[in-house]
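The sequence shown begins at 1 in the working numbering and counts up one residue at a time. By construction, the Cβ of each residue, glycine as well, lies at the ideal position given by its N, Cα and C atoms.
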Amino acid sequence: MALVLRYGDAQVNSHDMETIQPGEWVGDAIIGVYLAEAVFPNNKRSILFLQPAVAHLIGNDKPLIFAPINDSAGDGGGGSHWSLLVFFRPTNSFYYYDSMGAANLSHAHRTMKALFAIVSGSESSSLPILTRIDTPMQVNGDLSAWRLSHSIPPDFITKKRKDIRELILKLASASQPSQ
Numbered sequence: 001m002a003l004v005l006r007y008g009d010a011q012v013n014s015h016d017m018e019t020i021q022p023g024e025w026v027g028d029a030i031i032g033v034y035l036a037e038a039v040f041p042n043n044k045r046s047i048l049f050l051q052p053a054v055a056h057l058i059g060n061d062k063p064l065i066f067a068p069i070n071d072s073a074g075d076g077g078g079g080s081h082w083s084l085l086v087f088f089r090p091t092n093s094f095y096y097y098d099s100m101g102a103a104n105l106s107h108a109h110r111t112m113k114a115l116f117a118i119v120s121g122s123e124s125s126s127l128p129i130l131t132r133i134d135t136p137m138q139v140n141g142d143l144s145a146w147r148l149s150h151s152i153p154p155d156f157i158t159k160k161r162k163d164i165r166e167l168i169l170k171l172a173s174a175s176q177p178s179q
């Protein structure tokens, strides 16, 4: 697999680029680069978006932490269903977004426990309450992390895939040394 882009903690390779194609499950690296660069570019001082493969690397004081959760059985990322765990530090509150209801709830609880131990500095038995947020079901299983609190039409998703591909290729081109 050829390396297409190294961007912060994310590395996008040719296989990752294939996950942007219609009908494919978008890969970890694509989600990480897109959210960091396109969704939250002006909020980097107040939001920490955890790269899916490095979600355990927390240790700052940002008020919002977004942790993608999936049903992977292993340690290397992957999985087939994504949901989102959000920690709001000012109120020590966790919020769980899952378009399939509670499909990843056990994974979210495990992540919440580990995350809270890191951000609070203790392994207290009194964890904050995890609030489940009603999240609409996506039409075609596509890009559920970006459809969390509102309905996005499928044609928007198709255009967004093209935009993401162009963004990654632009970033890759800009990061290449001059010949």
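Through-space distance from residue j to residue i, alpha-carbon basis
i: alanine 108; j: serine 126; result: 16 Å
i: alanine 172; j: arginine 6; result: 7 Å
i: leucine 143; j: aspartate 61; result: Residue placement at leucine 143 is flagged as unreliable, the pLDDT there being 49, under the threshold of 50; a coordinate-derived value is accordingly withheld.
i: aspartate 134; j: glycine 79; result: 22 Å
i: threonine 158; j: lysine 170; result: 19 Å
i: threonine 111; j: glutamine 11; result: 23 Å
i: leucine 130; j: alanine 73; result: 22 Å
i: glutamine 176; j: alanine 29; result: 19 Å
i: valine 4; j: alanine 174; result: 11 Å
Nonlocal neighbours in the same chain, by C-beta distance under 7 Å from residue i, ignoring five residues either side
i: proline 90; result: Pro63
i: lysine 113; result: Leu127
i: alanine 145; result: Note that alanine 145 has pLDDT 47, beneath the 50 cutoff, so the model's placement of it is unreliable and no number is given.
i: asparagine 92; result: Pro128
i: proline 22; result: Thr158, Arg161
Chain-order list of residues whose beta-carbon lies under 8 Å from that of residue i (same chain, five-residue window excluded)
i: alanine 2; result: Asn13, Ser14
i: serine 120; result: Asn92
Nearest-angstrom Cβ-Cβ length linking residue i and residue j, presumed shorter than 8 Å
i: alanine 102; j: aspartate 71; result: That pair is no contact at about 12 Å.
i: phenylalanine 94; j: leucine 85; result: 6 Å
i: tyrosine 34; j: isoleucine 164; result: 5 Å
i: glutamate 202; j: leucine 167; result: In the structure as shown, the chain begins at 1 and stops at 179. Residue 202 is therefore absent and cannot be evaluated.
Extent of the continuous alpha helix (DSSP H) to which residue i belongs
i: alanine 108; result: 105-120
i: serine 14; result: 14-18
Residues of its chain near residue i, where Cβ-Cβ distance is below 6 Å and the 5 sequence neighbours each way are ignored
i: glycine 27; result: Asp16, Thr19
i: arginine 132; result: Tyr96
i: arginine 161; result: Ile20
i: phenylalanine 116; result: Leu127
i: histidine 56; result: Model confidence at histidine 56 stands at a pLDDT of 43, short of 50, so the residue's coordinates are unreliable; what they give is reported in the following sentence. Result list for histidine 56: empty, nothing under 6 Å.
i: aspartate 155; result: none
Where the beta strand (DSSP E) containing residue i begins and where it ends
i: valine 26; result: No beta strand (DSSP E) holds valine 26; DSSP gives it neither H nor E.
i: asparagine 70; result: 64-70
i: threonine 131; result: 130-133
i: arginine 89; result: Counting along the chain, arginine 89 falls outside any beta strand (DSSP E), and DSSP gives it neither H nor E.
i: leucine 5; result: 3-7
i: serine 99; result: From DSSP, serine 99 is part of no beta strand (DSSP E); its letter is neither H nor E.
Any non-hydrogen atom of the ligand GDP closer than 6 Å to residue i Cβ
i: serine 175; result: Of ligands this structure carries none, so the ligand GDP is not represented either.
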